Structures are given as C-alpha cells and as structure tokens.
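Asks: Quick mapping for you: the protein sequence lines, in order, are chains A and B. Everything in the first sequence is counted per the working numbering, starting at 53 for the first residue and increasing by one. Everything in the second sequence is counted per the working numbering, starting at 8 for the first residue and increasing by one. The beta carbon of each residue, even a glycine, is placed where N, CA and C say it ideally should be. Just so it is clear, the structure is predicted and the values come from calculations on it, not from any experiment.
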Amino acid sequence: MIIRKRLAAGACALAATLAVGLFPVSAAADESAQETPKVELVLDVSGSMGTRDIDGQSRMSAAKQAFNDVLDAVPADVQLGIRTLGANYPGNNRVTGCKDTAQLYPVGHVDRTEAKTAVATLMPTGWTPIGPALLAAGKDLQGGNATRRIVLITDGEDTCGPLDPCVVARQLAAEGTNLTVDTLGLVPNDKIRTQLSCIADATGGTYTSVTHANELTSRVKQLVDRAADTQVVTPTATEGAAKCSTAPLLGAGLYTDREEFSEHRWYRVNVSDGQELRASVSVGADRAVNNDYGVLLQALTTNGRELVRGSDAGSGRTDAISAGLRYAWAPNSDTPVSRTVCLEVSNSFSAPASVKTTPGLPVELGIGLVSSPDNPSDVAAFGLGRGWVLLVVLALTGLLAGLLWGWLARWRVAIRRIN
Amino acid sequence: MRTTTRLAAAALAAGTALLAGGWTAVADTAGPSPSADGSAPTEAGTTFRTATVLKQGQTGTADASTGDYLYWVFPATAGQNATATATVTLPAPSTRHGTVTWQLDVYDGLRRHQACASGRPSRTASVQDTTVSLRCTLRTIRPWAEPWSNDPLPGAYYVRLTVVDLPSQDLGLPVKAEVEATAKDAGGSKAADGELAAPLTPVNQAGATLDPSADPSASATDSAASSNASSNASSQPEAVQAPGGDWSPGWWSDRWVWTVAGGVLGALMGVGGYTLTRHPRRRQAGQV
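1) Using DSSP with H/G/I as helix, E/B as strand and the rest coil, what is N342/A?
2) Measure the Cβ-Cβ separation of L306/A and G418/A and say whether it is below 8 Å.
3) Please work out which residues of its chain come closer than 6 Å, Cβ to Cβ, to Y141/A, disregarding the five sequence neighbours upstream and downstream, and give them in chain order.
4) Name, going along the chain, the residues of the stretch 354-378 of chain A whose beta-carbon falls closer than 9 Å to a beta-carbon of chain B.
5) Determine the chain A residues that contact D70/B at a beta-carbon separation under 9 Å, and present them in chain order.
6) Relative to the alpha-carbon of T3/B, which residue among K295/A, T211/A and P240/A has its alpha-carbon at the smallest distance?
7) Using a Cβ cut-off of 8 Å (strictly closer), state whether T410/A contacts chain B.
8) With 8 Å as the threshold, decide whether the Cβ of E50/B is near any Cβ in chain A.
9) Under 8 Å by Cβ, that's how I've got L446/A and G269/B pegged, so tell me the actual separation to the nearest angstrom.
10) Output the distance between the C-alpha atoms of L186/A and V219/A, rounded to the nearest integer angstrom.
11) DSSP on C143/B, reduced to helix/strand/coil?
12) Identify every residue that forms a DSSP beta bridge with V333/A.
13) Mind the definition here: the stretch 198-210 of chain B touches the stretch 116-134 of chain B only if three or more C-beta pairs lie below 8 Å; say whether that holds.
14) State the Cα-Cα distance for the pair G280/B and V264/B, rounded to the nearest angstrom.
15) Check whether the Cβ atoms of R330/A and V397/A sit closer than 8 Å, and answer yes or no.
16) Let's test the definition: count the other Cβ atoms within 10 Å of the Cβ of T147/B and tell me whether it reaches 16, buried, or not, exposed.
17) Can you tell me which of I373/A, E358/A and R201/A puts its alpha carbon nearest to the alpha carbon of A365/A?
18) Please list, in chain order, all residues of the same chain as Q223/A whose beta carbon is under 7 Å from its beta carbon, the five residues on each side excluded.
19) Quick one: is A226/A near chain B, going by C-beta distance under 8 Å?
20) Give me the residue from S400/A, G257/A, V444/A and E358/A with the minimum Cα distance to A279/A.
21) With DSSP as the reference, identify every bridge partner of A391/A, one or two as the case may be.
22) Can you grab the Cα-Cα spacing for the pair V166/B / T286/A, in whole Å?
23) Are the CB atoms of K197/B and G86/B nearer to each other than 8 Å?
24) Taking C-beta pairs closer than 7 Å, name the residues in chain A that W263/B reaches, listed in chain order.
25) What residues from the stretch 87-115 of chain B come within 7 Å of chain A, judged by C-beta to C-beta, listed N to C?
26) My output table needs one value for V347/A: the three-state DSSP class, helix, strand or coil.
27) Which of the three DSSP states, helix, strand or coil, is assigned to E291/A?
28) When you compare each of M276/B, T144/B, F81/B and N157/B to G362/A by their alpha carbons, which one comes out closest?
29) Can you name the residues of chain A whose CB is closer than 9 Å to the CB of L383/B?
30) Have a look at S367/A, P89/A, V335/A and V97/A and flag the residue whose alpha-carbon is nearest the alpha-carbon of L156/A.
31) Quick one: give me the first and last residue of the beta strand (DSSP E) that P161/B is part of.
32) For G362/A, list the residues DSSP reports as bridge partners.
33) Using the beta-carbon count (16 or more within 10 Å), is W254/B buried or exposed?
34) If the cut is a Cβ gap below 9 Å, which residues of chain A does S196/B touch?
35) May I have a chain-ordered list of the alpha helix (DSSP H) segments no shorter than 4 residues that lie completely inside the stretch 194-275 of chain A?
36) For A163/B, tell me which candidate among G64/B, T84/B and A99/B has the shortest Cα-Cα distance.
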C-alpha cells in the first residue's frame, strides 16, 4: 500500500525513508565531541637492537629511519608520544633492567624537530621489559574518550617475568574502552612471534613481522594513519546482570561489556508498539580458545518466554563470533504501549586450563530501534504474476469468457426471435 | 484504490511498448549503478565497527599482515544477488613455510553470518601459489522477511577476509588484499513484495544506559533516537549509503510484462472466442 501511494505521488523512496527516520534525534547530538586520537610508539632499545640484519643496517637504525619518516607524515589531528624500553640501564641487574622504561616524547601534538632529535639520541642499551612498558604506555594515554593505540616495536621477547605482557595487554584493554596494541617484531623467532601475536590478539590489534626497513616504515605509518582515520563511534561501557530484573536498561547505540566463558549476561530494552528492536552482538576471542565455539543472543519477555533468537557457531581461527536478531511487538491495542524485552547473551567458548579466564571476553552489543512497522505484503511484487502457466490460464479464461458471452448472445437473439 | 487503477491503466498502456524491449532500459536504471567517482579505499578495517565502506562496483585494496582480520562493508538492496570477490597476493614463496587457507565471510547488517549460495569462499594455497582468489555470492536479497528467518535483507553487508589456517612461522608476513563488491539484478522471478521498516544498517551512535526507574514509555521515546543511517547522515559521513541512492528496489520488474501480456492475451482470446460463437449465425444469416 505504502509503495503504491508513493508511486502515485511520484515521491522517491529516499524521501519516504527520510520521513520515516525523522523523529527527534536529541540523544545523537552529544556525540559530536570526539577527541583527537592518541597514539604512542613504544620502541625497544635493548642491546640486541644493535644487530645488523635489516637490509645490511642495524635494527636500531632501521627503526630510527622509520620513526623519522613517520614523524614527517603524522596527521595533524593525532596526538603522538614515544616511549622507550631498555634505553637507559646497560648493567646486568635484572631487577633494575626490568624497570627500565621511559617516556621519550610526551603524548601530544608533535613538534617534528624536537621529536626527531630525541629519537636520534637513542643507542641500543639494555633489557626488554615489555610488560612494564605497556603498563606505562597505558598510563600515558589515560584520560578522555579518544581512540587510543599503542604501537610496540621490538626484537626480543620479555624475559622479565613474572608479569606476562600478554596478560598486561588484556588487562589494559579491559580497563578502558578502545585501546588497541599493534605489535611489530623485528626479525622474529618463534617465541617473539607467539608473545607479540598474543599481545595483539588480546587487544584486537595486529601483529606484523618485519625483515626489511621499508616494511617497518610503511607499516608504522599505516598504523598511525589508521588511528587518525578510524573516527568511529566509541561504544559505551555497560555491565550486564545475571538476571533480567536487575539488568541495565539500554537505549539505542553501541555498548561494550566483558563476559567470561559460559557466562550469561542480561540487558533490557524498552520497545514500544510500532518499533522494531535490532540487536547484534559480537563476542571476541582475545586469547587462546578451543577449536569450537558459539554465541547465542536471545530476546525474551520479562516472564521468560522466548521471542526470537540469533545464534552462530564456528570453529578454527577467529577474532570474534557474532549473532543478531530483530523483533517488533505485535500491536494488540490502539494505544501504543512500551514493553520490556530482555536480551540474554551467552557464549560457548572454552579454553585450555592454562588460559586465564578473567577478565572476560570482550562483548560488543549494538542496539537499534527503528520506528516504523514492517510492511509484509503479497509474496510477489505488487501481486503480479509471471510465467507461461499464467499466460495459458489468462488466455483460456479469456477464451472461455468469449465463448460464453458469444453463446449467451446467440441464445438471447434466438429467444428474441421466437418472441 | 483509484491510484492503483490509474497505475494499472498506465502500465497497460505502456505494456505493449515495453514488450518491444524498451523495458530493459528501465531495468538498467533500477539496477545497481557502479560508481566510478571518488577514489577507491586503500585501507581495510580491523573490526565490524571500523569496517571500510565500499560502494557497489568499487574495489578496495589493503596492505596487511598475514593473520589480520580485514573488514569491509558494502550496501545491497532487495532483488539483488550480491557477490564479494577477494584476491590475496601472498608473500614471496621463499619466505613461506607451508600451505595457507584463506577465507571470506559475509555478514549482514545485524552481524549474522550469511551463507554463500555459490562461489569458493575458502581456498588453500600451496607454497608456490602467489595469489588466492575467493568469491562468495549471497542468496537473492528479499525486501522483507519474518524476524525469525535468517534471509538476507536490504542493508549493509560486512565482508571479513582472513587466513584461517597457516604455519605459525608465516604469521605477520606482508600481504596485499583486494576486495570487490558487486550486485546483479536477480530478475522478475525473484521480485517479491513487502517492505522492511528500515534497511539493516550498522548502529553508529554510542549507547546511553537509561534510568530504569523512569517511565518506560518516556524512556522508549528517548531511545527512539534512530539508528537509521539516513537520519543522522550528516554526523556520520562514512555510513553505508544505499546503492544508487535508494534502498527500495523500485516498482519495476518483468512481472509487469508477463501480467499485462496475459491480460492482453486473455482479452484477445475472449474476442476470438466470441467470434467463434458468432460465425455459424453469420453464415446462417448469409444463406437466408
């Protein structure tokens, strides 16, 4: 019906969609205050960086070259900082060596010459305390709701223990929203690769292995640009409850949460008649998990009747598994009422016993409320037919009608003649 | 009702002209228009939230590391058969250590995994191979479906490209990826009726936890700040735009031709049938 009216009016469908979507958008107005993204480059300046195996030059000079190029091309709207690890303590004391991390250039809008001068002074020196450096970098980037990114460049694994840098990274990501750690391994061996990819996976970042100087430059540049480009919506942190009655009441928008293995989390959404609820959920695999996994998103009434569910399962390497659902209350009276829909998110991830289960897996929940009813109609477009059977049926009907009409006319003429 | 009749009358009048082949021109304008304008994206997103927006017919490229999860998002609307094609240029064979398996996954705007009706969404490359080509064609997108179904609906479609199986030494090696999203009109046989309230576009606003003690109807109105991309398009320029500027599939399908032709044929046969019954009488009249 709507389509037909629109057609008759000659209005294009875009206008109609706009009209449908045009109701007060007060809540969306306050999201414009987006802060400029923050990036911190964390560079390993340990003794092994002196090894000359990147295109004939030392790892350190390749890194310096990359930093110079990156500093030249930093986008204006990015706050950049530089932190070093193992730059100052050349000795053999493990305790002191494992605390050796310093901020070389504070996070802010970059003065290129100053930053370059600071980088030029670096000499391969000490240990590789990745864990403490990540913790400190997390602190450097604290504050505000900007997108935060740490780019870690190293050529050795953390031998400082007992602080596992992978656990540190996961905790950093769990504490605040929107922190990503990207890692680059210079001429990596198996151990470095495992550790760095674990750090990257824990925060939704990427891992790159570097064997050539130009690869290092282009990748670091790409990651800094990516921080500037991804002016995406920062989800709001929420905490789902163990049952619906105490669950947080959510409006439309994006949310993040953490959910442990096999945990169930509940959320509530008020959906009025004539509104459609659209919910999607992604549960991230930010650590080593077993091969098979799944996610279930259920919409239930307050007394536990299932309305609709979305689920997915998978196996093998993955970053996340996601599911979605949509639901609109069937209108049962003339006066529209608002009723509560309970959303239950559960996952069937599992992990080997050695893997820590806290903090939980990252959950991203998207809630959409669309304010107009669906228009289910005939199966075929405009109820039109198609195919040879249709033609034969119509033709035969026409023929039959013609014959009948003709005979009727003959019969009437005959009757008239008799009279 | 009157408009329907007027429309039907207009369609009938146009029917014969359209039959001659003029309808193909109309079908072309209703179909996807590959936009060559604007530079193609050279980066890929790394999550659903950061997915790079592609237009239909546009090719997105990205430099990435083996093991990255690369995301793109493109629009597709009812009556289309959408296809995502990916070509991955693998690292130099000398740096690799074994076979790798790449996979292309397509999700709809609600992040529901969508089945590939045809194509090879997953492929294993040996050490000698330099590229891997993947393709996934979705089922025909319906204009409407029940909430309980998993049918593809008008809206955004996410493409995820990643390596799913690899020797651990190959993790992090540089690769180049190229992804193209295209869509073809599925034709009148798939032209269905019905309309979705709004296309399944991604939610692009931060959430706001509401006060549970507040009046439920009031809070519902607050939260009604729509997730509809078109209503806050100004603040979200990157949002997924409808292919050809319109989410509705348009009124045209070749069902009009079939139905009008059927009507015309029926009418002709009616006249024919009537004439058949008149003949003997006319013959008789002639003899008398």
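Replies: Short version:
1) The residue given as residue 342/A occupies position 290 in the first sequence. If DSSP states are grouped into helix, strand and coil, N342/A belongs with coil.
2) Your numbering for residue 306/A matches position 254 in the first sequence. Your numbering for residue 418/A matches position 366 in the first sequence. If you check the CB distance, L306/A and G418/A come in under 8 Å.
3) Your numbering for residue 141/A matches position 89 in the first sequence. Correct list, in chain order: T148, G149, D152 and G178.
4) Hits within the stretch, in order: L359, V360, R361, G362, D364, G366, G368, R369, T370, D371, A372, I373, S374, A375, G376, L377 and R378.
5) Here residue 70/B refers to the residue found at position 63 of the second sequence. Result: S270, R271 and Q274.
6) With chain B covering 8 to 295 only, the question about residue 3/B has no answer from this structure.
7) Here residue 410/A corresponds to residue number 358 of the first sequence, with the count starting at 1. It does not; no Cβ of chain B falls within 8 Å.
8) Here residue 50/B refers to the residue found at position 43 of the second sequence. At least one chain A Cβ lies under 8 Å of E50/B.
9) For this step, residue 446/A is matched to residue 394 along the first sequence. For this step, residue 269/B is matched to residue 262 along the second sequence. Taking C-beta atoms under 8 Å as the contact rule, L446/A and G269/B qualify, at a distance of about 4 Å.
10) Working through the first sequence from its first residue, we reach residue 186/A at position 134. Working through the first sequence from its first residue, we reach residue 219/A at position 167. C-alpha separation (whole angstroms): 11 Å.
11) Counting from 1 along the second sequence, the entry for residue 143/B is found at position 136. Reduced to three states, the DSSP call for C143/B is strand.
12) The sequence position of residue 333/A within the first sequence is 281, counting from 1. As computed with DSSP, V333/A is found in a beta bridge with A375/A and L417/A.
13) Three or more Cβ pairs drawn from the stretch 198-210 of chain B and the stretch 116-134 of chain B lie within less than 8 Å of each other, which places the two stretches in contact.
14) Position 273 of the second sequence, counted from the start, is the residue given in the question as residue 280/B. Position 257 of the second sequence, counted from the start, is the residue given in the question as residue 264/B. CA-CA distance, G280/B to V264/B, rounds to 23 Å.
15) Counting from 1 along the first sequence, the entry for residue 330/A is found at position 278. Counting from 1 along the first sequence, the entry for residue 397/A is found at position 345. In this structure, V397/A does not lie closer than 8 Å to R330/A by Cβ.
16) By 1-based counting over the second sequence, the position of residue 147/B is 140. With 16 or more other Cβ atoms within 10 Å, it is buried.
17) Sequence index remark: in the first sequence, residue 365/A carries index 313 (1-based). Nearest option by C-alpha distance: I373/A.
18) Numbered from 1 along the first sequence, position 171 holds the residue referred to as residue 223/A. So the qualifying residues of the chain are P411.
19) As a working note, residue 226/A is residue 174 in the first sequence. No, A226/A does not count as interfacial toward chain B.
20) Within the first sequence, the letter at position 227 stands for residue 279/A. Closest by alpha carbon: G257/A.
21) As a position in the first sequence, residue 391/A is number 339, starting the count at 1. The question names Ala, but residue 391/A in the sequence shown is Arg. Beta-bridge partners of R391/A (DSSP): V323/A.
22) If you number the second sequence from 1, residue 166/B lands on position 159. If you number the first sequence from 1, residue 286/A lands on position 234. If I take the Cα positions, the gap works out to 21 Å.
23) For the purposes of this step, residue 197/B is taken as residue 190 along the second sequence, with counting starting at 1. For the purposes of this step, residue 86/B is taken as residue 79 along the second sequence, with counting starting at 1. For K197/B and G86/B, yes; Cβs fall inside 8 Å.
24) Here residue 263/B refers to the residue found at position 256 when the second sequence is read from its first residue. Result: L436.
25) Flagged, chain order: Y114.
26) Locating residue 347/A in the first sequence gives position 295, where the first residue counts as 1. Residue state for V347/A is assigned as strand, using DSSP reduced to three classes.
27) Indexing the first sequence from 1 puts residue 291/A at position 239. In this structure, E291/A counts as coil in the three-state DSSP scheme.
28) One-based indexing of the first sequence puts residue 362/A at position 310. Measuring C-alpha to C-alpha distances from G362/A to each of M276/B, T144/B, F81/B and N157/B identifies N157/B as the nearest.
29) Outside the displayed range of chain B (8 to 295) lies residue 383/B, so it cannot be described from this structure.
30) Position 104 of the first sequence, counted from the first residue, corresponds to residue 156/A. In terms of CA proximity to L156/A, V97/A leads the group S367/A, P89/A, V335/A and V97/A.
31) Walking along the second sequence from the start, residue 161/B turns up at place 154. Neither: P161/B is in no beta strand (DSSP E) and is coded neither H nor E.
32) In the first sequence, the residue the question calls residue 362/A occupies position 310. According to DSSP, G362/A bridges with L349/A.
33) Within the second sequence, numbered from 1, the residue matching residue 254/B stands at position 247. The residue is buried, with at least 16 neighbouring Cβ atoms inside 10 Å.
34) Residue numbering aside, residue 196/B sits at position 189 when the second sequence is read from its first letter. Under the 9 Å cutoff, chain A gives R438 and G439.
35) With a minimum length of 4 residues, the continuous alpha helix (DSSP H) runs that stay inside the stretch 194-275 of chain A are 217-227 and 242-255.
36) To locate residue 163/B, count along the second sequence from 1; it is residue 156. The option with the nearest alpha carbon to A163/B is T84/B.
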